[in-house]
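Number of protein chains: 2
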Amino acid sequence: MLHFQSYIEEHKDRFLNELIDLLKIPSVSADPAYKDNVFQTADIIKDSLLKAGCDHVEICETQGFPIVYGEKTIDKNLPTILVYGHYDVQPADPIELWDSPPYEPVIKKTAIHPEGAIFARGACDDKGQMYMHVKAMEFMTETNQLPCNVKFMIEGEEEVGSVNLSTFVKANQEKLKNDVILISDTGMIAQDVPSITTGLRGLSYVEVEVTGPNRDLHSGLYGGAVANPINILTKMIASLHDENNHISIPGFYDKVEDLSDAERSEMAKAPFSLDAYEKSIGIDSVYGEKGYSTNERNSIRPTLDVNGIWGGYIGEGAKTVIASQAFAKISMRLVPNQEWEAITELFKTHFESIAPAGVTVKVTPHHGGQGYVTPIDSIGYEAASKAYYDTFGKKPIPQRSGGSIPIVSLFEQELKSKTILMGFGLDSDAIHSPNEHFGVWNYFKGIETIPLFYKYFTELSK
Amino acid sequence: MLHFQSYIEEHKDRFLNELIDLLKIPSVSADPAYKDNVFQTADIIKDSLLKAGCDHVEICETQGFPIVYGEKTIDKNLPTILVYGHYDVQPADPIELWDSPPYEPVIKKTAIHPEGAIFARGACDDKGQMYMHVKAMEFMTETNQLPCNVKFMIEGEEEVGSVNLSTFVKANQEKLKNDVILISDTGMIAQDVPSITTGLRGLSYVEVEVTGPNRDLHSGLYGGAVANPINILTKMIASLHDENNHISIPGFYDKVEDLSDAERSEMAKAPFSLDAYEKSIGIDSVYGEKGYSTNERNSIRPTLDVNGIWGGYIGEGAKTVIASQAFAKISMRLVPNQEWEAITELFKTHFESIAPAGVTVKVTPHHGGQGYVTPIDSIGYEAASKAYYDTFGKKPIPQRSGGSIPIVSLFEQELKSKTILMGFGLDSDAIHSPNEHFGVWNYFKGIETIPLFYKYFTELSK
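Chains R and F, in that order, are what the protein sequence lines are. Quick note, in full-length UniProt numbering, the first sequence goes up one by one and the last residue is 462. Quick note, in full-length UniProt numbering, the second sequence goes up one by one and the last residue is 462.
The structure is reproduced here in structure tokens:
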């Protein structure tokens, strides 16, 4: 066991306050209004990496938001761990549903977090989990226990598709050379059920636009005689799922692997209460693809969800109008083997093909990424497993996540190394939702577990 | 012929400028932000009626916006004409599509309006057409040619369902007693094709709300496993029309009268160019209920149109979220005999019944009104026909309009008198749309034609 407790006790308040200060900055990468805040956040990350003991830290400009790179090399013969994280956050809206302002962090106790949780946008995804690595680094360097070389690559565009990160990675393969990539941007099953994410879904995100008449029309004078872009959009979107909630885009499932019954029954062993699941999000029934369980639907099966829709009069009261245009943002979660660019193209071709006469349809790809699966017999996985065992007293459960970290498969492709996803958040932490939070206990548990991963990975690499 | 030209020539500029001043006030009844402007407009109408020669004018307060009532009785034995109009306007959005600010009226020449048209919200619907009656009244009183008694009832809630007007009418049957009701709130077929609207569609306007999870969810972690309120809403709305674009709400067509082939071929005689129609609104093809022509689809057939839809993330960029709620504003245009309250109830029952498990659906009725048909053998129709003949040199064509003026059937029911709809606007005037306008020629043509209706109606009533 590393001499952790004494150091953490001494600096606990500072570790918390530093994260709270970081959360006060609205680094929303999706909204141009926050541009300056995102750049400002990159500078703060740079300083924090220097303070944590990196020998060299630099802000790498991109065509979008910068990537903060830091490193400390103690011995060329020792393994190198590359830590990835992101300092940008999701938009906070609907802002009115937050119990406290999203950028004014507060610590409140909850049923699941009796020791308190930090409520703020980005608390868990990913500022809180990313900063655990910075503080773990500080601990190891301050106490002379850093067992290997380390590199940090913290980006500011994860929530908008990491477009420029991929360019950066492709252009800096030597600089980013490593033996394993470590990321905390996922969750674990429960406070007492540590888990390692072994699979991620890919993503294809598009925006669609249906245009009918060249101007908004009076719904009385024209109603019934012209294609109403909103009605048409609803028809087109509805047709994307059949009666079994299978996605009806031709070729969509071609590369989807069907898991063996053995694998499925293995998955089914993960602790899960449908009742608790429904209660936690306030629904009376789950819904999804026929023939699959809830845990399968949100992990090993691809999906198509409308993330936003708008058109016509959405103000107070009533307006009898036929809108000229209607819009929707649609994302598809993909499973390993589904090529996201190919799926985006399939969607575009299909969606445009089902547009009836009387309207024109435009599909604009936003971004996307590949799915990923990691083996559970690698040194990295074993090191993580031992680390969790030391701090949680039990072995972690391997689990497939429904989320996407588009660049993980890019890392494997470009840097030829595996990624270990050590997540310390919970599904109930409401990432991407109002009242996002991150348990104080989880924050420190992460800071405590990470150095052990370094220790075991270095030992197992010998 | 009345001595019109000399008077109009003398006051032409003032007649235009008074309307322009009226159009500068954003009397949007649907949006609380404009509350004061609506009240202010009522006061202006009051003054204009006094100046036009009414003996008695009053502002009748309601639970909403006031009704301006004015009257001039010259002889109890002469007939009384009740003029109805409204001083409220539709919201101006989408504001960015206006070539000039909606409340800064400008006169511009167009292909159809070589003598210029006034561009402003409400120019045609209904401030411009309503004000023609005020100026016609002024002309008749100033030149001592008012042949009968007149009453004005100008309301401020037509665009939001005239809820308080119906209360007012029911409570003031004696005060509003009349021999015919005259309204200019419809259009005519073309500049050289005068027409009288003999039918109006009814309306049922509802707002629907689909609620799924109790908060927005991460579309990766939950996507595919829970009912997405937006996907569900699109499915539900899409199901409201079948493959022939018939409305699929059980019982919806029960009271819809099928016109005889004779009536349909009579309708088909109205001058109509499908090509010109498509060009005028920039579509490559019309769309609608199978088995009916464009003119039938937007007049004698009921419709269901989504007027607005919204849910999820509609800001810049991408947000991978499953929204907790999705909303839509839906209106149905009804034909005579369809009871609007009954149809609203049918919709509510059906829409709630098709909600799948996993979501809850709420349907909130906004407002509505009955359809209306007026005979073409009445004294009122004949008087209007003769008036048009004098000013246009040809008899007007009777036409059914797809629009709704909910209170017209209420008038018949409560005041036991028929309504004559003398419209001077054109479909291309873009009412309810950006760049609404009203031809200067049409404005004065209306002021010129209205007194002739008074003359002939009085003569025919003897």
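Glycine is no exception: its CB is placed at the ideal position from the N, C-alpha and C atoms. Predicted model only: the values in this text are computed from it and were never measured.
Following the continuous beta strand (DSSP E) through residue i, name the residue where it begins and the one where it ends.
{"i": "S331 (chain R)", "result": "325-334"}
{"i": "R400 (chain R)", "result": "397-400"}
{"i": "P365 (chain R)", "result": "360-369"}
{"i": "F119 (chain R)", "result": "117-119"}
{"i": "L421 (chain F)", "result": "419-422"}
{"i": "G439 (chain R)", "result": "437-439"}
Residue range of the alpha helix (DSSP H) that residue i falls in?
{"i": "N77 (chain R)", "result": "Per DSSP, N77 (chain R) belongs to no alpha helix (DSSP H) and is neither H nor E."}
{"i": "V38 (chain F)", "result": "35-51"}
{"i": "K108 (chain F)", "result": "K108 (chain F) -> not in any alpha helix (DSSP H); beta strand (DSSP E) instead, spanning 106-108."}
{"i": "Y253 (chain F)", "result": "No alpha helix (DSSP H) holds Y253 (chain F); DSSP gives it neither H nor E."}
{"i": "E207 (chain F)", "result": "Here E207 (chain F) belongs to no alpha helix (DSSP H); instead the beta strand (DSSP E) covers 202-211."}
{"i": "D275 (chain R)", "result": "274-281"}
{"i": "residue 476 (chain F)", "result": "The structure shown has nothing for residue 476 (chain F), since chain F only spans 1 to 462."}
{"i": "residue 475 (chain F)", "result": "Given that chain F is displayed from residue 1 to residue 462, the structure contains no residue 475 (chain F) and the question cannot be resolved."}
{"i": "F392 (chain F)", "result": "379-392"}
{"i": "N295 (chain F)", "result": "294-297"}
{"i": "D261 (chain R)", "result": "261-267"}
Verify whether the separation of the beta carbon atoms of residue i and residue j is less than 8 Å.
{"i": "D216 (chain R)", "j": "P434 (chain F)", "result": "yes"}
{"i": "S285 (chain F)", "j": "A357 (chain R)", "result": "yes"}
{"i": "G156 (chain F)", "j": "S27 (chain F)", "result": "yes"}
{"i": "I20 (chain F)", "j": "P105 (chain F)", "result": "yes"}
{"i": "I376 (chain R)", "j": "P398 (chain R)", "result": "yes"}
{"i": "N295 (chain R)", "j": "M332 (chain R)", "result": "no"}
{"i": "N307 (chain R)", "j": "V306 (chain F)", "result": "no"}
Would you mind giving the Cβ-Cβ distance between residue i and residue j, rounded to the nearest angstrom? I have them listed as a contact below 8 Å.
{"i": "V89 (chain R)", "j": "G122 (chain R)", "result": "4 Å"}
{"i": "K135 (chain F)", "j": "F252 (chain F)", "result": "Rounded, the Cβ-Cβ distance is 43 Å, inconsistent with contact."}
{"i": "G312 (chain F)", "j": "I232 (chain F)", "result": "Going by Cβ atoms, the distance from G312 (chain F) to I232 (chain F) rounds to 12 Å, so no, they are not a contact pair."}
{"i": "A30 (chain F)", "j": "E207 (chain F)", "result": "With a Cβ gap of about 13 Å, A30 (chain F) and E207 (chain F) do not count as contacting."}
{"i": "Q40 (chain F)", "j": "N164 (chain F)", "result": "The pair is not a contact, with the Cβ atoms about 18 Å apart (cut-off 8 Å)."}
{"i": "A238 (chain F)", "j": "H366 (chain R)", "result": "Not quite, the Cβ-Cβ distance comes to about 24 Å (not below 8 Å), so this is no contact."}
{"i": "L82 (chain F)", "j": "I181 (chain F)", "result": "5 Å"}
Using the beta-carbon count (16 or more within 10 Å), is residue i buried or exposed?
{"i": "E263 (chain F)", "result": "exposed"}
{"i": "S195 (chain F)", "result": "buried"}
{"i": "I59 (chain F)", "result": "exposed"}
{"i": "S204 (chain F)", "result": "buried"}
{"i": "I95 (chain R)", "result": "exposed"}
{"i": "D185 (chain R)", "result": "buried"}
{"i": "F139 (chain R)", "result": "buried"}
{"i": "D13 (chain R)", "result": "exposed"}
{"i": "T419 (chain F)", "result": "buried"}
{"i": "K24 (chain R)", "result": "exposed"}
{"i": "M1 (chain F)", "result": "Only weak support is given to the placement of M1 (chain F): the predicted model assigns it a pLDDT of 49, under 50, and the value that follows is read from those uncertain coordinates. Burial call: exposed."}
{"i": "A92 (chain F)", "result": "buried"}
{"i": "T234 (chain R)", "result": "buried"}
{"i": "P213 (chain F)", "result": "buried"}
{"i": "H86 (chain F)", "result": "buried"}
{"i": "T364 (chain F)", "result": "exposed"}
{"i": "L221 (chain R)", "result": "buried"}
{"i": "M132 (chain F)", "result": "buried"}
{"i": "A33 (chain R)", "result": "exposed"}
{"i": "D125 (chain F)", "result": "buried"}
Which residues share a DSSP beta bridge with residue i?
{"i": "E71 (chain F)", "result": "F:H56, F:K151"}
{"i": "W310 (chain F)", "result": "R:W310, F:F327"}
{"i": "Y84 (chain R)", "result": "R:M153, R:I183"}
{"i": "D125 (chain R)", "result": "Its beta-bridge partners do not exist; DSSP assigns none."}
{"i": "L217 (chain R)", "result": "R:I322"}
{"i": "V226 (chain R)", "result": "Its beta-bridge partners do not exist; DSSP assigns none."}
{"i": "residue 521 (chain R)", "result": "Because chain R spans 1 through 462 in this model, residue 521 (chain R) falls outside it and cannot be assessed."}
{"i": "H241 (chain R)", "result": "R:I247"}
{"i": "L304 (chain F)", "result": "F:M332"}
{"i": "A190 (chain F)", "result": "F:V193"}
{"i": "G315 (chain F)", "result": "Answer is none; G315 (chain F) lacks a bridge partner."}
{"i": "V89 (chain F)", "result": "F:V28"}
{"i": "V373 (chain F)", "result": "F:G199"}
{"i": "G288 (chain F)", "result": "According to DSSP, which records beta bridges pairwise, G288 (chain F) is partnered with nothing at all."}
With a threshold of 8 Å between beta carbons, is residue i in contact with chain A?
{"i": "K329 (chain R)", "result": "This model lacks chain A altogether, as its protein chains are R and F."}
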